[in-house]
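Enquirer: Mind having a look at this structure? Questions to follow.
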Amino acid sequence: MDLIFLFIIIFIIADILFAFFIIKKRKKISAKDLKFIKNKWQKIKNIFENDPKSAILEADKVLDLILFKKGYQGSTGEKLKKSAKLFSNLNEIWHAHKTRNKIAHEIDYSISSAESQKVLKIFEKAFKDLGIEL
Numbered sequence: 249m250d251l252i253f254l255f256i257i258i259f260i261i262a263d264i265l266f267a268f269f270i271i272k273k274r275k276k277i278s279a280k281d282l283k284f285i286k287n288k289w290q291k292i293k294n295i296f297e298n299d300p301k302s303a304i305l306e307a308d309k310v311l312d313l314i315l316f317k318k319g320y321q322g323s324t325g326e327k328l329k330k331s332a333k334l335f336s337n338l339n340e341i342w343h344a345h346k347t348r349n350k351i352a353h354e355i356d357y358s359i360s361s362a363e364s365q366k367v368l369k370i371f372e373k374a375f376k377d378l379g380i381e382l
């Protein structure tokens, strides 16, 4: 009985240490990176009116950069899976990322003005969920 209790205690301590390590592994965005992200977002907003597809492509790159700076590895999709709990609107973020993929990979992909505005707002909300106030 004492041996089982000891194993349970060791297991609980190991779980706590593992969770602590994972949380500490996630990095914060530096002031320099934050300035870069905010400047990039301003450029995205400026190009949006004339070239919404490029703005969406760039917004997805910024999301990928933020996740990388926070310590997530892999493709943007893999980073989204690993960081899912950080977002209040994960399904919408997936929609925005998939829209980016269509823009990047489908010839003559067409997106309405309303849809492109919606997608850009989704990216902006995702940045806020990640602690980036634009």
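In this note's numbering, the protein residues as written are 249 to 382. By construction, the Cβ of each residue, glycine as well, lies at the ideal position given by its N, Cα and C atoms.
#1: From Glu372 to Ser302, what does the alpha carbon distance come to, in whole angstroms?
#2: Report yes if the CB atom of Lys327 is closer than 8 Å to the CB atom of Asp308, and no otherwise.
#3: Smallest Cα separation from Thr324: which of Ile351, His345, Phe296, Ile359?
#4: Residues in its own chain within less than 8 Å of Trp342 by CB, not counting five upstream and five downstream?
#5: When DSSP labels each residue in this structure, what does Ile355 get in the three-state scheme?
#6: Tell me which residue opens and which closes the alpha helix (DSSP H) that Leu305 is part of.
#7: Report the three-state DSSP secondary structure of Glu381 (helix, strand or coil).
#8: Where does Asn337 fall in DSSP's three states?
#9: Just verifying my parser: in three-state terms, what is the DSSP assignment at Lys276?
#10: Sort Asn337, Leu315, Glu340 by Cα distance to Ser331 and report the nearest one.
#11: Are the CB atoms of Leu378 and Lys293 nearer to each other than 8 Å?
Expert: Reading from the atomic positions:
#1: In the sequence shown, residue 372 corresponds to position 124, counting from 1. In the sequence shown, residue 302 corresponds to position 54, counting from 1. Each residue's Cα considered, the two are about 15 Å apart.
#2: Here the question's residue 327 lines up with position 79 in the sequence shown. Here the question's residue 308 lines up with position 60 in the sequence shown. No.
#3: If you number the sequence shown from 1, residue 324 lands on position 76. Closest option to Thr324, Cα to Cα, is His345.
#4: Sequence index remark: in the sequence shown, residue 342 carries index 94 (1-based). In its chain, beyond the 5 residues on either side, Leu328 have a beta carbon closer than 8 Å to the beta carbon of Trp342.
#5: Position 107 of the sequence shown holds residue 355. The answer is coil: DSSP assigns Ile355 none of H, G, I, E or B.
#6: Locating residue 305 in the sequence shown gives position 57, counting from the first residue. Leu305 -> alpha helix (DSSP H) spans 300-317.
#7: Your numbering for residue 381 matches position 133 in the sequence shown. Of the three classes helix, strand and coil, the one that applies to Glu381 here is coil, per DSSP.
#8: Position 89 of the sequence shown, counted from the first residue, corresponds to residue 337. Coil, per DSSP.
#9: Numbered from 1 along the sequence shown, position 28 holds the residue referred to as residue 276. Coil at Lys276, not helix or strand.
#10: The residue you call residue 331 lines up with position 83 of the sequence shown. Considering only alpha carbons, the answer is Leu315.
#11: The count along the sequence shown starts at 1 and reaches residue 378 at position 130. The count along the sequence shown starts at 1 and reaches residue 293 at position 45. Contact flag unset, no.
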